[in-house]
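In what follows, a structure is listed as structure tokens, so that the remarks can point back to it.
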Amino acid sequence: MTPVPLAHALDRRVLIRARREIVFRYFTDSARWASWWGQGSTIDPRPGGKVFIRHPNAVEAGGEVLEIDPPRRFVWTLGYAGGEMATMGPSRVTITLEDDPAGTRLHLRHEFAEVAARDHHVQGWRYQLAVFANVVADGLQGEAAAKVDAWFAAWSEPDGARREGILDATVSREVRFRDRFSLVEGRADLYPHLAAVHVFMPGSRLERAGDIRHCQSTVLADWVAHRADGGELGRGTNIFQFDADGRIEDVVGIWAPGRR
Numbered sequence: 003m004t005p006v007p008l009a010h011a012l013d014r015r016v017l018i019r020a021r022r023e024i025v026f027r028y029f030t031d032s033a034r035w036a037s038w039w040g041q042g043s044t045i046d047p048r049p050g051g052k053v054f055i056r057h058p059n060a061v062e063a064g065g066e067v068l069e070i071d072p073p074r075r076f077v078w079t080l081g082y083a084g085g086e087m088a089t090m091g092p093s094r095v096t097i098t099l100e101d102d103p104a105g106t107r108l109h110l111r112h113e114f115a116e117v118a119a120r121d122h123h124v125q126g127w128r129y130q131l132a133v134f135a136n137v138v139a140d141g142l143q144g145e146a147a148a149k150v151d152a153w154f155a156a157w158s159e160p161d162g163a164r165r166e167g168i169l170d171a172t173v174s175r176e177v178r179f180r181d182r183f184s185l186v187e188g189r190a191d192l193y194p195h196l197a198a199v200h201v202f203m204p205g206s207r208l209e210r211a212g213d214i215r216h217c218q219s220t221v222l223a224d225w226v227a228h229r230a231d232g233g234e235l236g237r238g239t240n241i242f243q244f245d246a247d248g249r250i251e252d253v254v255g256i257w258a259p260g261r262r
């Protein structure tokens, strides 16, 4: 039988804030694959291996692996088991990963026999790749709350050596921090900045207030600052950006209105 030509394609490029090796694991492990597509989804990561997708709304799709080249390229066929989408005909999905300074640049190309099927998938892939970016970030940043707490602990630690040890384990070497009183770049600049806190506000303490909010390696965390006598010094919110290795690379501190 002559193969049906796949003359219509959609392309989408997104940035995933994780290394290629981490991103590619989601194409080679059924548990990670299911964390993207839905419970019960599976993948056999070898040429000819079965691809199965069970969406959270119970729609099922599947195909087979055509090519797998870790951590660079993954190609598979995709079709639907029933419903309206079962009539869309054959299709082929190619994902290519490239290194990017901020993580991984993902290029998706989905090829179809029918233009209507292509157009139907444009918003679907916009959504699914956003889900994927969050799934990867959630896996990489599983300890995001602990790292945020370590950041606040460093601000509260009066001992210089211990304070720098906390920072070395938590933030990138090129970390940036900005707030109403700060404009620092790099750990070497951050060390003396935090030391000055304990000169001008000895005994002060900073701690997280409530749960963090996390989306694609960006974290919001509310905080409260206390004076040495326990009285409240101020409140606000920090915006944390994590790098592709799971370290804090950028922080913006916003004081609550009227506090400073």
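Under our numbering, residues 3 to 262 are what the sequence shown spells out, in order.
Quick reminder that beta carbons are idealized off the backbone N, C-alpha and C, glycines included.
These numbers were taken from a predicted model, which means no experiment stands behind them.
To the nearest angstrom, report how far apart ARG180 and VAL253 are at their CA atoms.
-> Numbered from 1 along the sequence shown, position 178 holds the residue referred to as residue 180. Numbered from 1 along the sequence shown, position 251 holds the residue referred to as residue 253. One C-alpha to the other measures close to 6 Å.
### Task
Under 7 Å Cβ to Cβ from ARG165, same chain only, skipping five residues before and after it: list those, please.
Position 163 of the sequence shown, counting from 1, holds the residue named residue 165. Excluding positions up to five away in sequence, the list reads ALA156, GLU159 and LEU196.
Practice problem: Classify ARG165 as helix, strand or coil using the three-state DSSP reduction. | Solution: Translated into positions along the sequence shown, residue 165 becomes position 163. Residue state, collapsed to three classes: helix.
Taking ARG75 as the reference, give the member of HIS123, GLU113, PHE26 and ARG34 with the closest Cα.
-> The count along the sequence shown starts at 1 and reaches residue 75 at position 73. Nearest of HIS123, GLU113, PHE26 and ARG34 to ARG75, Cα basis: PHE26.
I'd like the ranges of any alpha helix (DSSP H) spanning at least 4 consecutive residues and lying wholly in the stretch 36-90. none
Notebook entry, point to check: For ILE256, which residues from the same chain have a beta carbon less than 6 Å from its beta carbon, with the 5 sequence-adjacent residues on both sides left out?
Noted result: Counting from 1 along the sequence shown, the entry for residue 256 is found at position 254. So the qualifying residues of the chain are GLY238 and THR239.
TODO: Would you kindly work out how many angstroms separate the C-alpha atoms of PRO47 and ASP71, rounded to a whole number?
DONE: In the sequence shown, residue 47 corresponds to position 45, counting from 1. In the sequence shown, residue 71 corresponds to position 69, counting from 1. If I take the Cα positions, the gap works out to 10 Å.
Could you please give me the residues that DSSP links to GLN243 through a beta bridge? Your numbering for residue 243 matches position 241 in the sequence shown. Its beta-bridge partners are THR220 and ASP252.
Would DSSP call SER158 helix, strand or coil? Counted from its first residue, the sequence shown places residue 158 at position 156. SER158: helix per DSSP, three-state reduction.
According to DSSP, simplified to helix, strand and coil, what is GLY144? What you label residue 144 is simply residue 142 of the sequence shown in a count that begins at 1. Residue state, collapsed to three classes: coil.
Alpha carbon of THR4 to alpha carbon of GLY65, nearest angstrom: Within the sequence shown, residue 4 is the residue found at index 2, counting from 1. Within the sequence shown, residue 65 is the residue found at index 63, counting from 1. Unreliable placement is indicated for THR4, whose pLDDT of 42 sits below 50; no coordinate value is reported for it.
* To do: Locate the beta strand (DSSP E) running through ASP31, then write down its first and last residues.
  => As a working mapping, residue 31 is identified with position 29 in the sequence shown. Where ASP31 is concerned, there is no enclosing beta strand (DSSP E), given that its DSSP letter is neither H nor E.
Who are the near neighbours of HIS228 in its chain, counting only those whose CB is closer than 7 Å to its CB and skipping five residues on each side? Working through the sequence shown from its first residue, we reach residue 228 at position 226. Around HIS228: SER206, ARG207, GLU234 and LEU235.
Legend entry - Three-way DSSP call (helix, strand, coil) for THR4 in this model: Along the sequence shown, read from residue 1 onward, the residue named residue 4 stands at position 2. Residue confidence for THR4 is low, a pLDDT of 42 falling below 50, so the modelled location carries little weight and cannot support an answer.
State buried or exposed for GLU113, treating a residue as buried only when at least 16 other CB atoms are found within 10 Å of its CB.
-> Within the sequence shown, the letter at position 111 stands for residue 113. Buried, because 16 or more other Cβ atoms sit within 10 Å of the Cβ of GLU113.
contact_flag[the stretch 122-132, the stretch 42-56] where n(CB pairs < 8 Å) is 3 or more
no
Item checked: Neighbourhood of VAL16 by C-beta distance below 7 Å, restricted to the same chain and skipping five residues each side -> Working through the sequence shown from its first residue, we reach residue 16 at position 14. Hits under 7 Å: LEU108, LEU131 and ALA135.
| Around the Cβ of LYS149, are there at least 16 other Cβ atoms within 10 angstroms (buried) or fewer (exposed)? | Here residue 149 is taken as the residue at index 147 of the sequence shown, counted from 1. With 16 or more other Cβ atoms within 10 Å, it is buried.
- Euclidean distance between Cα positions of ARG111 and PRO259: Sequence index remark: in the sequence shown, residue 111 carries index 109 (1-based). Sequence index remark: in the sequence shown, residue 259 carries index 257 (1-based). ARG111 and PRO259: Cα-Cα distance of roughly 47 Å.
Close Cβ partners of GLU69 (< 6 Å) along its chain, the five nearest in sequence each way excluded: For the purposes of this step, residue 69 is identified with residue 67 of the sequence shown, where counting begins at 1. Answer for GLU69: VAL77, listed in chain order.
Exercise. From what residue to what residue does the beta strand (DSSP E) around ARG175 run?
Worked result: Indexing the sequence shown from 1 puts residue 175 at position 173. From DSSP, the beta strand (DSSP E) with ARG175 extends over 173-181.
Report the rounded CA-to-CA distance for MET203 versus ALA139, giving the unit in angstroms. Along the sequence shown, read from residue 1 onward, the residue named residue 203 stands at position 201. Along the sequence shown, read from residue 1 onward, the residue named residue 139 stands at position 137. Looking at the two C-alpha atoms, the distance is approximately 36 Å.
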